[in-house]
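Let me begin by presenting the structure, written as C-alpha coordinates, before commenting on it.
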Amino acid sequence: MPKKPAKYGIKFWVACCSKSSYAWNMQIYTGKPSSGTREKNQGMRVVLDMVKGLKGHNVTCDNIFTAYSLGVELKKRI
1 MPKKPAKYGI
11 KFWVACCSKS
21 SYAWNMQIYT
31 GKPSSGTREK
41 NQGMRVVLDM
51 VKGLKGHNVT
61 CDNIFTAYSL
71 GVELKKRI
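1 is the number of the first residue of the sequence shown in my numbering; add one for each residue after it.
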(Lines of atoms letter the chains of each structure in order from A and count residues from 1; the text may use other names and numbers.)
(Lines give C-alpha, C1' and ligand atoms only; values in the text may rest on other atoms or scores of the structure.)
Protein backbone atom coordinates (compact mmCIF):
# COMPACT_ATOMS: atom_id res chain seq x y z
CA MET A 1 0.00 0.00 0.00
CA PRO A 2 1.51 3.36 -0.98
CA LYS A 3 2.39 5.83 1.75
CA LYS A 4 1.01 8.81 -0.15
CA PRO A 5 -2.33 9.21 -1.93
CA ALA A 6 -2.35 9.26 -5.73
CA LYS A 7 -1.70 12.67 -7.30
CA TYR A 8 -4.15 12.16 -10.15
CA GLY A 9 -7.60 10.70 -10.58
CA ILE A 10 -10.82 10.78 -8.62
CA LYS A 11 -10.79 10.49 -4.83
CA PHE A 12 -13.76 9.35 -2.77
CA TRP A 13 -13.92 10.50 0.82
CA VAL A 14 -16.46 8.54 2.84
CA ALA A 15 -17.47 8.63 6.51
CA CYS A 16 -18.62 5.12 7.47
CA CYS A 17 -19.75 3.30 10.60
CA SER A 18 -16.98 0.93 11.70
CA LYS A 19 -19.46 -1.78 12.77
CA SER A 20 -22.08 -1.77 10.01
CA SER A 21 -20.08 -0.12 7.17
CA TYR A 22 -23.06 2.23 6.65
CA ALA A 23 -21.92 5.30 4.71
CA TRP A 24 -22.90 8.41 6.64
CA ASN A 25 -21.51 10.97 4.21
CA MET A 26 -19.48 11.00 0.99
CA GLN A 27 -17.63 13.52 -1.17
CA ILE A 28 -16.07 13.04 -4.58
CA TYR A 29 -12.92 15.05 -5.31
CA THR A 30 -11.86 15.48 -8.93
CA GLY A 31 -8.97 17.90 -8.48
CA LYS A 32 -8.20 21.49 -7.70
CA PRO A 33 -10.64 24.18 -8.88
CA SER A 34 -10.32 25.56 -12.40
CA SER A 35 -8.96 28.81 -10.92
CA GLY A 36 -5.73 26.89 -10.31
CA THR A 37 -5.31 27.95 -6.67
CA ARG A 38 -4.80 25.16 -4.17
CA GLU A 39 -7.18 24.92 -1.24
CA LYS A 40 -5.61 25.48 2.19
CA ASN A 41 -6.58 23.18 5.07
CA GLN A 42 -8.37 20.84 2.68
CA GLY A 43 -7.99 17.86 5.01
CA MET A 44 -9.58 19.73 7.89
CA ARG A 45 -12.45 20.93 5.70
CA VAL A 46 -13.11 17.42 4.41
CA VAL A 47 -13.26 15.91 7.91
CA LEU A 48 -15.50 18.70 9.25
CA ASP A 49 -17.84 18.29 6.26
CA MET A 50 -17.92 14.51 6.74
CA VAL A 51 -18.88 14.66 10.43
CA LYS A 52 -21.62 17.29 10.17
CA GLY A 53 -24.58 16.01 12.16
CA LEU A 54 -22.56 13.47 14.14
CA LYS A 55 -22.12 14.01 17.87
CA GLY A 56 -20.56 11.75 20.47
CA HIS A 57 -18.83 9.47 17.96
CA ASN A 58 -15.19 8.44 17.61
CA VAL A 59 -13.59 9.89 14.48
CA THR A 60 -10.68 7.95 13.00
CA CYS A 61 -8.93 9.17 9.87
CA ASP A 62 -5.74 8.80 7.87
CA ASN A 63 -2.74 10.98 8.73
CA ILE A 64 -3.23 13.24 5.68
CA PHE A 65 -6.42 14.51 7.35
CA THR A 66 -5.10 14.97 10.88
CA ALA A 67 -3.89 18.20 12.45
CA TYR A 68 -3.87 19.60 15.96
CA SER A 69 -6.31 22.34 14.92
CA LEU A 70 -8.74 19.67 13.67
CA GLY A 71 -8.63 17.90 17.04
CA VAL A 72 -9.33 21.18 18.83
CA GLU A 73 -12.27 21.97 16.52
CA LEU A 74 -13.77 18.49 16.89
CA LYS A 75 -13.47 18.69 20.68
CA LYS A 76 -15.43 21.98 20.63
CA ARG A 77 -18.26 20.22 18.76
CA ILE A 78 -18.76 17.42 21.33
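Glycine included, each C-beta is placed from N, C-alpha and C at the ideal position.
Between the C-alpha atoms of V14 and S35 there is a straight-line separation of about 26 angstroms. By a beta-carbon distance limit of 8 angstroms, F65 contacts V46. Their separation comes to about 6 angstroms. DSSP lists M26 as the beta-bridge partner residues of V14. When the beta-carbon positions are compared, A23 and G43 stay at least 8 angstroms from each other.
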